[in-house]
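Numbering (UniProt numbering), first residue to last: 1 to 130.
Structure follows, in structure tokens:
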């Protein structure tokens, strides 16, 4: 791995910690049953998300980007990533009330069942932040 890749990865991990409130490394380890390139995938995805996308605040501030990310994760039904996006939203200044409004929009455009499923995760994350 090149020195710049190592630096980019470290920067992305620091950005993830700032947004999530915890280090991601515990989720990024590879098991002996995974192929060699699994580590590459996890590093590349981390750099892309937390090194390239999240720091782009010229046109969307972090709070807005977080609410968009909550909407995407909930609409797709990817519940564990939704948990992280909700934490980022709350850590970035979004209110619980604003997040509920996001779920109202999700219900209207992605379906009530999908919105309720995602909102169950939101309620759990709200309890963490009580």
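Just so you know, even glycine gets a beta-carbon here, dropped at the ideal spot from N, CA and C. As the structure is a prediction and not an experimental result, all values here were calculated from the model.
Over the uninterrupted alpha helix (DSSP H) stretch that includes residue 91, give me the two end residues. 79-91
Going along the chain, which unbroken runs of the beta strand (DSSP E) with 3 or more residues stay wholly within the segment 21-45? none
Can you tell me where the alpha helix (DSSP H) with residue 105 in it begins and where it stops? 96-110
Presumed contact (8 Å Cβ cut-off) between residue 82 and residue 121, rounded CB distance: 5 Å
Give the C-beta separation of residue 85 and residue 70 to the nearest angstrom, bearing in mind that I take them to be a contact with Cβ-Cβ under 8 Å. 5 Å
Closer than 8 Å is the cut-off here; do at least three beta carbon pairs connect the segment 5-21 with the segment 49-58? yes
So for residue 49, helix, strand or coil by DSSP? helix
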